[in-house]
Amino acid sequence: MDALSARDELNDVLKGRIDKACALLDEDVSLYPNTFRKDTDLADIVSGYTDLDEEGLAAVGRMFSVAGRVTSLRSFGKVTFIKVLDASASMQIFVARDEMGVEAYQLFKKYDIGDILGITGDLFRTRTGELTLRAKTIVLVTKSMRPLPEKYHGLKDMEIRYRQRYVDLIVTPRTSEIFRKRTLIVRGIRNYLDAKGFLEVETPMMQPIPGGATARPFETHHNALDMKLYMRIAPELYLKRLLVGGFEKVYEINRNFRNEGISTRHNPEFTMLEFYWAYAEFTDLMDLTEDMIAKVAQDVCGSTVVTYQEMEIDLTPGKWTRMSFHESLEKIGGVDPEDYRDYDRCALLVKRSGEKVVKGEKLGKLQAKLFDIFVEPKLIQPHFIYHYPTDISPLSRRNEDNPDITDRFELFVVGRELANAFSELNDPVDQRGRFEDQVQEKAAGDDEAHFMDEDYVRALEYGMPPAAGQGIGIDRLVMLLTDSPSIREVILFPLLRLETTSGGTSSGPAGPATGPA
RNA sequence: GGGCCGUUAACUCAGUUGGUAGAGUAUAUCACUUUUAAUGAUAGAGUCGAUGGUUCGAGUCCAUCACGGCCCA
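Position 492 of the first sequence, counting from 1, maps to 491 under numbering that gives the first Met the number 0, and the rest follow consecutively.
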């Protein structure tokens, strides 16, 4: 038992648990048996028998075996009420000495809040009318050695909630609800795309050339091949190679990695949906996106109108605004057209707004900075902003009428980018030229600029059908649909610094049990 | 990277002008056969994030650092 608390000072609660555990062992009670089998989920009882009155319950005539964690315990001497939580629901269990015998009841009194119990019993209603399971037998399934946080206020400490998510999941119903919803959202998207004939694929997470986005990558190394590899910042270029290969509708939902700051909107690893659709153009993607997100919202939240941080967001198809990039600068950002068309005036306005202008930066990039300052925060209701400058869209198809802009859009909701999409550039000569521009920018010091990808150009030379493709940030979508203010609320194990203890060692799932002293 | 805020018992939080550390929950013991933040009584539980400094005396004031939160970059 000593090994249990090697990393902690023994507090009196822990000591008490150890004493109890020893007492149970003395009575030949296993602390961690795997012999109990439940036959019913608590939710099945709650939903199946909630309408029956006392007579109806008495007529059920069967026993139920359930298992779960004790979350509260009220003892009255010879009778005890406990609340038990399983993955499906929580319900009250009535434990009485006269129902199970003196010896069994004495043993039961050694069990604690936090223990996992297996209970077999029948149903009845208490005096206050609550549907309750009356225990006939109780077995200890798993002994808990650590006390759970206080039940009334719950776990408030964000650091513990994220570092010890398992505790958060036990005691914070909202947390488990968010992650159930997250699964439903992702499943809803899969079902939607599958039904439209999209094929889900998996492409490399470790790439020799990190492409498809503007971001700083994580670097790693393959020993056997003695080869530098990057964790992917996007799957884009691989998915488009699949269009060359003949797949016409593909998608991937998986992790991307970006070696950048951490904030309420950024985690170094995050989940992205990307999908590519041959013989479609970017406007088709707007239609699909509206329809898909509205359907998912309807299924998961029960409405296409959702509340986010006390704002009502209307995701009903048809209500999504579509506006060009330049129009949004004027109409929403209040920027004088002369100020964004003329390079010097644009640079001046960017500087006056407190942003830096890097030497050699192109007009499109300056316009994007104006957009970030004046427009993006105001896009609360869903907005598709289209026709982005070519300068900042190295993989997008140019507009037929104006080569300075591309057939690209971004989707904004609650002042945040939720999706990025465009008609794909499939001209290998144009693509090579844009890569070369990026390489120059990289050489000039922009470490977020794209790498040259010769194989991708070679693939385009074989011929990629015209297509439109899109990326949707799943974490941000989940934030929107679960009313979560921080991305850490929707990622089970967000990245945190190594936990430090007073002894100078580190512990926690983010690192080794004991770090360098 | 910058600014602001926080870190006190297992959890949630008080702590006044610098003068020996408090509550509720949880835990332990006792009472209690229908409670649901059960109740009543008693008890134990603290490296006040860490390290320095000022002071007769620091949870409190100052400095540095660590971790977290929010905002900005």
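Virtual Cβ for every residue (Gly too), placed ideally from N, Cα, C.
Alpha carbons only, please: which of 122, 59, 138 and 162 is nearest the one belonging to residue 105? Residue numbering aside, residue 105 sits at position 106 when the first sequence is read from its first letter. Nearest option by C-alpha distance: 138.
Cβ-Cβ separation, residue 451 to residue 239 (assumed contact under 8 Å), whole Å: Within the first sequence, residue 239 is the residue found at index 240, counting from 1. Within the first sequence, residue 451 is the residue found at index 452, counting from 1. Contact between residue 239 and residue 451 fails: their C-beta atoms lie close to 16 Å from each other, not under 8 Å.
Using the Cα positions of residue 466 and residue 425, report the straight-line distance between them to the nearest angstrom. For the purposes of this step, residue 466 is identified with residue 467 of the first sequence, where counting begins at 1. For the purposes of this step, residue 425 is identified with residue 426 of the first sequence, where counting begins at 1. So the two alpha carbons sit approximately 8 Å from each other.
Taking only runs that begin and end inside the region 254 to 320, name each unbroken alpha helix (DSSP H) of 4 or more residues, in chain order. 281 to 300
Helix, strand or coil at residue 515 [DSSP, three-state]: As a working mapping, residue 515 is identified with position 516 in the first sequence. Confidence at residue 515 is low in this model, with a pLDDT of 30, below 50, so its placement is unreliable and the value that follows should be read with caution. In this structure, residue 515 counts as coil in the three-state DSSP scheme.
I need the boundaries of the beta strand (DSSP E) containing residue 385, first residue and last residue. The residue given as residue 385 occupies position 386 in the first sequence. Where residue 385 is concerned, the enclosing beta strand (DSSP E) stretches over 382 to 385.
Cβ neighbours of residue 313 in the same chain (closer than 8 Å, five flanking residues each side left out): Within the first sequence, the letter at position 314 stands for residue 313. The residues are 303, 304, 380 and 381.
Per the DSSP calculation, residue 388 is bridged to which residue(s)? As a position in the first sequence, residue 388 is number 389, starting the count at 1. Answer is 404, bridged to residue 388.
So what's residue 11 in DSSP terms, helix, strand or just coil? The residue you call residue 11 lines up with position 12 of the first sequence. Residue state, collapsed to three classes: helix.
If residue 544 sits next to residue 261, beta carbons under 8 Å apart, how far is it from one beta carbon to the other, in whole angstroms? Nothing can be reported for residue 544: it is not among the residues displayed for the chain, which extend from 0 to 516.
Answer yes or no: do residue 233 and residue 470 have a C-beta to C-beta separation smaller than 8 Å? In the first sequence, the residue the question calls residue 233 occupies position 234. In the first sequence, the residue the question calls residue 470 occupies position 471. Against a cut-off of 8 Å, the Cβ pair of residue 470 and residue 233 comes out as a contact.
Count the C-beta pairs between the region 53 to 64 and the region 36 to 44 that are closer than 8 Å, then say yes if the count reaches three, no if not. These segments touch.
How close, in whole Å, do the beta carbons of residue 540 and residue 323 come, if the pair is a contact with beta carbons under 8 Å? Outside the shown range of the chain (0 to 516) lies residue 540, about which nothing can therefore be said.
Just how far apart, CA to CA, sit residue 293 and residue 267? Position 294 of the first sequence, counted from the first residue, corresponds to residue 293. Position 268 of the first sequence, counted from the first residue, corresponds to residue 267. Each residue's alpha carbon lies about 28 Å from the other.
Going by other Cβ atoms of all chains shown within 10 Å of its Cβ, with 16 needed for buried, is residue 159 buried or exposed? To locate residue 159, count along the first sequence from 1; it is residue 160. Counting the other CB atoms within 10 Å of its CB gives residue 159 a total below 16, which places it among the exposed residues.
For residue 352, does the count of other Cβ atoms within 10 angstroms reach 16, so buried, or fall short, so exposed? By 1-based counting over the first sequence, the position of residue 352 is 353. With fewer than 16 other Cβ atoms within 10 Å, it is exposed.
Looking at C-alpha atoms only, which residue of 107, 244, 422 and 377 is the closest neighbour of residue 280? Here residue 280 corresponds to residue number 281 of the first sequence, with the count starting at 1. That would be 422, whose Cα lies nearest to the Cα of residue 280.
Examine the Cβ distances between the region 165 to 185 and the region 475 to 489 and report whether three or more of them are shorter than 8 Å. yes
In chain order, what residues of the same chain lie with their CB nearer than 7 Å to the CB of residue 338, ignoring the 5 residues before and after it? Taking the first sequence and counting its residues from 1, one reaches residue 338 at position 339. Correct list, in chain order: 344, 345 and 348.
Are there any heavy atoms of the ligand PLP lying less than 7 Å away from the beta-carbon of residue 134, as far as the coordinates show? As far as ligands go, the structure on display features none, and thus does not contain the ligand PLP.
Check whether residue 482 and residue 366 have beta carbons under 8 Å apart: Along the first sequence, read from residue 1 onward, the residue named residue 482 stands at position 483. Along the first sequence, read from residue 1 onward, the residue named residue 366 stands at position 367. No, the pair does not count as a contact, with Cβ atoms beyond the cut-off.
Taking only runs of the beta strand (DSSP E) that begin and end inside the region 129 to 197, which ones reach a length of at least 3 residues, in chain order? You should have 130 to 141.
Throw me the rounded Cβ distance for the residue 420 and residue 407 pair, which I believe falls under 8 Å. As a position in the first sequence, residue 420 is number 421, starting the count at 1. As a position in the first sequence, residue 407 is number 408, starting the count at 1. Going by Cβ atoms, the distance from residue 420 to residue 407 rounds to 7 Å, so yes, they are a contact pair.
Start and end of the beta strand (DSSP E) containing residue 115? To locate residue 115, count along the first sequence from 1; it is residue 116. Run containing residue 115: 115 to 124, per the beta strand (DSSP E) assignment.
One question on the structure: do residue 173 and residue 209 come within less than 8 Å of each other, judged by their Cβ atoms? For the purposes of this step, residue 173 is taken as the residue at position 174 of the first sequence. For the purposes of this step, residue 209 is taken as the residue at position 210 of the first sequence. Against a cut-off of 8 Å, the Cβ pair of residue 209 and residue 173 comes out as no contact.
Anyone know if the C-beta pair for residue 563 and residue 248 falls short of 8 Å? In the structure displayed, the chain extends from 0 to 516; residue 563 sits before or after that span and is not available.
In angstroms, rounded to a whole number, what distance separates the CA positions of residue 472 and residue 135? Within the first sequence, residue 472 is the residue found at index 473, counting from 1. Within the first sequence, residue 135 is the residue found at index 136, counting from 1. Their backbone Cα atoms lie some 50 Å apart in a straight line.
Are the beta-carbon atoms of residue 271 and residue 188 separated by less than 8 Å? By one-based count along the first sequence, residue 271 stands at place 272. By one-based count along the first sequence, residue 188 stands at place 189. No, they are not a contact pair.
Quick check on residue 356: does DSSP put it in helix, strand or coil? As a position in the first sequence, residue 356 is number 357, starting the count at 1. If DSSP states are grouped into helix, strand and coil, residue 356 belongs with coil.
Separation of residue 388 from residue 441, as counted between CA atoms: Position 442 of the first sequence, counted from the start, is the residue given in the question as residue 441. Position 389 of the first sequence, counted from the start, is the residue given in the question as residue 388. If I take the Cα positions, the gap works out to 19 Å.
Assign residue 517 to one of three DSSP states: helix, strand, or coil. Residue 517 lies beyond the stretch modelled for the chain, which goes from 0 to 516, so this question has no answer here.
How far does the alpha helix (DSSP H) with residue 67 in it reach, from first residue to last? As a first step, residue 67 must be located in the first sequence, where it is residue number 68. Element bounds for residue 67: not the alpha helix (DSSP H) but the beta strand (DSSP E), 63 to 74.
Rounded separation between residue 375 and residue 246 - CA only: As a position in the first sequence, residue 375 is number 376, starting the count at 1. As a position in the first sequence, residue 246 is number 247, starting the count at 1. Looking at the two C-alpha atoms, the distance is approximately 35 Å.
Quick check on DSSP: helix, strand or coil for residue 81? Translated into the one-based positions of the first sequence, residue 81 becomes position 82. Secondary structure at residue 81: strand, using DSSP grouped into helix, strand and coil.
The alpha helix (DSSP H) enclosing residue 54, as first and last residue numbers: Counting from 1 along the first sequence, the entry for residue 54 is found at position 55. First-last of the alpha helix (DSSP H) with residue 54: 53 to 57.
Quick one: grab the DSSP three-state call for residue 93. Position 94 of the first sequence holds residue 93. Three-state result, residue 93: strand.
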